[in-house]
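Contents: one structure, followed by commentary.
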Ligand SMILES: NC(=O)c1ccc[n+]([C@@H]2O[C@H](COP(=O)([O-])OP(=O)(O)OC[C@H]3O[C@@H](n4cnc5c(N)ncnc54)[C@H](OP(=O)(O)O)[C@@H]3O)[C@@H](O)[C@H]2O)c1
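Numbering (the numbering used here), first residue to last: 631 to 857.
Have a look at this one:
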């Protein structure tokens, strides 16, 4: 399959290629947490398959891969790892947040090949099975709720990418822990929007850093201002 074609629209208009994406998506000075999400034009994080896969295209995949390649850690809610059947990423560590301490079971057989690559973050109160404790590094951060600022403290000095899902992203933004939202607008309507930030109400203003397009797909980098 040939690479998708892109055009940078902002800050200045110019044709770009996949090879330019690392420069377009270079971390802004001082940033340490960025999110990458895709929604339909009517704001849904899931398409017809109930997952994000039916919203994606080659352009989104190219940016997704670029963002991963520029990151040290992928911070994920356990719900997305389960729903999207995540594997162990090449390169960055996968840090999975589960308040209930429920590690996504499909990952267990993959762990021996990836020692130290996957971490489960949960609370002091959560019951974690013996099998998971034997195979996975478990961080208990918070008494009965996961203390997200505490998690980010443990990841100090590392570039953290979160790919959601919406529940985790809503909590991270509510705690003012996200510096930048990389957001793909998929040229589709769903009619049944599933919100980007789950059920968390987090009014925020954003500033557009870059916008690129590929066909009818729009891909922006937005800086978050704190409240
Ligand atoms: N369009 C996109 O870019 C995109 C990206 C990601 C996901 N999605 C879609 O979003 C859907 C999943 O949504 P979701 O909101 O359930 O995803 P999620 O945030 O990944 O998962 C929610 C689960 O993660 C854990 N969790 C999240 N935040 C937590 C916190 N602050 N403290 C403790 N535990 C926390 C909890 O796990 P426990 O229940 O185990 O405690 C919670 O039930 C799927 O359909 C997926 O396809 C779309």
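Positions of the beta carbon are idealized from the N, C-alpha and C atoms, including for glycine.
query, result
"Rounded to whole angstroms, what is the Cα-Cα separation between residue 799 and residue 665?", "8 Å"
"Do the CB positions of residue 848 and residue 805 come within less than 9 Å of each other?", "no"
"Closer than 8 Å by C-beta to residue 809: which residues in its own chain qualify, once you throw out the five before and the five after it? Chain order, please.", "658, 660, 661, 662, 663, 664, 853 and 854"
"Between residue 636 and residue 815, is the Cβ-Cβ spacing less than 9 Å?", "no"
"Can you tell me the Cβ-Cβ gap for residue 765 and residue 738, rounded? I've got them flagged as a contact below 8 Å.", "6 Å"
"Can at least three beta-carbon pairs, one atom from the region 635-653 and one from the region 781-793, be found at a separation below 8 Å?", "no"
"For residue 846 and residue 817, I'd like the C-alpha separation in whole angstroms.", "6 Å"
"Under a Cβ-count criterion, where at least 16 other Cβ atoms within 10 Å of its own Cβ denotes burial, should residue 735 be classed as buried or exposed?", "exposed"
"Thinking C-beta only, is residue 669 closer than 9 Å to residue 801?", "no"
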